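Numbered according to full-length UniProt numbering, the sequence shown spans residues 425 to 703.
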Amino acid sequence: VKNSGKNSHCFYSADLSKNANELFMMENHLRRALERDQLEVYYQPQVRIKDGKIIGAESLLRWRHPELGMVSPAKFIPLAEETGLILQIGEWVLRESALQASRWAHAGYDLNRVSVNVSGVQIQRSNFADTVYGVLIETDCNPRLLELEITESTVMHNTEFVISVFNRIKNLGLKLAIDDFGTGYSSLSHLKRLPLDKLKIDQSFVRELPGNADDAAIANAIHAMANSLGFNVIAEGVETEAQAAFLLDMGCEIAQGYLYSRPVTATQFTALLEAERVK
Ligand code: C2E
Ligand code: CA
Ligand code: CA
Ligand code: CA
């Protein structure tokens with residue numbers, strides 16, 4: 425028994441050190457990616473369902489890895505959060521997005537705003553609102569061109585503090601949206617105390633519309649609740665005309681998803697805006 429205990433201990437620690445090593449290597453790669461310009465922001469249109477007009481964009485981070493090709497943020501954001509690198513990366517994404525939003529505004533494109541994903545790790549830092557303010561000054565971006573997307577699970581942690589951060593961000597003039605709404609078990613009493621502009625219906629509830637009666641009921645309930653709290657609603661992950669038609673019928677006017685466009689580079693996004701202008 426003693427022996428096997430020892431073996432399992434050896435196995436365990438060997439495994440642990442390998443993981444620590446891997447984590448360390450990945451962290452170094454990611455840090456270098458940031459320094460070497462391997463990160464890029466893609467943009468996905470947010471669209472008015474009734475006529476397909478592009479009214480906004482969501483910033484989505486990409487890592488152009490020299491050997492692995494495009495690495496999904498789902499793979500490296502958790503690592504970036506664990507190591508704290510998300511603070512630098514998040515600030516970089518915000519700066520890039522602010523610069524791009526300003527470029528589109530100056531070019532005369534009628535885009536309401538660019539939505540930027542913000543990690544809970546960023547929000548929980550005492551100086552996040554200062555960071556946002558610094559980026560606005562540095563980029564000379566009109567804050568009305570920017571919206572921050574924060575996941576529902578983030579706002580349920582340390583709620584009093586989050587409310588104070590949100591109030592400061594709202595005072596700077598940015599909009600606030602709750603991402604992945606419906607997956608985070610937030611309480612209504614908390615929600616109504618948050619200075620929010622928008623709820624984003626999580627794509628897991630959109631995927632099986634209109635056929636899945638449970639999802640249809642959930643989408644409806646989210647929309648009704650948002651309405652009564654005075655928040656706007658957007659549905660994400662819209663891939664089919666049938667989904668879009670159902671959402672519009674239910675009163676949700678804005679959508680985002682492959683039906684309209686995948687996330688694309690800033691240059692490609694500009695071409696989409698240009699195509700609308702000449703239409
Ligand atoms: P998210 O914020 O929920 O973003 C939506 C994800 O759904 C994106 O994946 C997008 O490409 C994908 N998507 C868009 N339309 C469709 C569709 O019609 N069908 C399907 N199946 N998927 C669709 P992506 O770009 O891989 O990003 C994954 C997640 O990584 C994001 O989920 C977000 O949580 C995180 N992320 C991305 N960029 C950033 C960033 O700059 N900062 C932070 N903190 N997180 C980010
Ligand atoms: Ca998002
Ligand atoms: Ca989402
Ligand atoms: Ca998500």
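Every residue gets a Cβ at the ideal spot worked out from N, C-alpha and C, and that includes glycine.
Note that the structure is a prediction, hence the values are computed from the model and not measured.
Checklist line | Start-to-end residues for the beta strand (DSSP E) that takes in Ile-479 | finding: 478 to 489
Notebook entry, point to check: For Gln-680 versus Glu-660, is the C-beta spacing smaller than 7 Å?
Noted result: yes
Check: How would you write the range of the beta strand (DSSP E) that Phe-605 sits in, first residue to last?
Finding: Counting along the chain, the beta strand (DSSP E) containing Phe-605 begins and ends at 599 to 605.
Margin query: Is the beta carbon of Ser-521 closer than 7 Å to that of Ser-483?
Written below: yes
Note to self: Taking 6 Å as the cut-off, is the beta-carbon of Glu-520 closer than that to any non-hydrogen atom of ligand 2?
What the structure shows: For ligand 2, not one heavy atom lies less than 6 Å from the Cβ of Glu-520.
Notebook entry, point to check: Looking at Glu-660 and ligand 5, is the gap between the Cβ and the nearest heavy atom below 6 Å?
Noted result: This structure lacks ligand 5; its bound ligands are ligand 1, ligand 2, ligand 3 and ligand 4.
Next item on the list: Ignore the nearest five residues each way along the sequence and tell me which others in Glu-665's own chain have a CB closer than 8 Å to its CB.
Entry: Leu-683
Check: Who are the near neighbours of Val-702 in its chain, counting only those whose CB is closer than 7 Å to its CB and skipping five residues on each side?
Finding: none
Item checked: For Val-559 and Leu-523, the rounded distance between their alpha carbons -> 9 Å
Check: Residue range of the beta strand (DSSP E) that Ser-526 falls in?
Finding: Counted as a single uninterrupted DSSP element, the stretch harbouring Ser-526 is not any beta strand (DSSP E) but the alpha helix (DSSP H) occupying residues 510 to 530.
Next item on the list: Let me know if Thr-689 comes out buried or exposed under the rule of 16 or more other beta-carbons within 10 Å of its beta-carbon.
Entry: exposed
Margin query: Is Asp-639 a contact residue of ligand 3, with contact defined as CB to any heavy atom under 6 Å?
Written below: For ligand 3, not one heavy atom lies less than 6 Å from the Cβ of Asp-639.
Notebook entry, point to check: Looking at Arg-549 and Ile-587, is the spacing between their C-beta atoms short of 7 Å?
Noted result: no
Next item on the list: For the alpha helix (DSSP H) holding Arg-592, just list the boundary residues, first then last.
Entry: 583 to 596
Item checked: Host beta strand (DSSP E) of Leu-615 (start-end) -> Where Leu-615 is concerned, there is no enclosing beta strand (DSSP E), although the alpha helix (DSSP H) it sits in stretches over 612 to 615.
Notebook entry, point to check: Counting pairs of Cβ atoms below 8 Å between the segment 588 to 608 and the segment 623 to 637, do you hit three or more?
Noted result: yes
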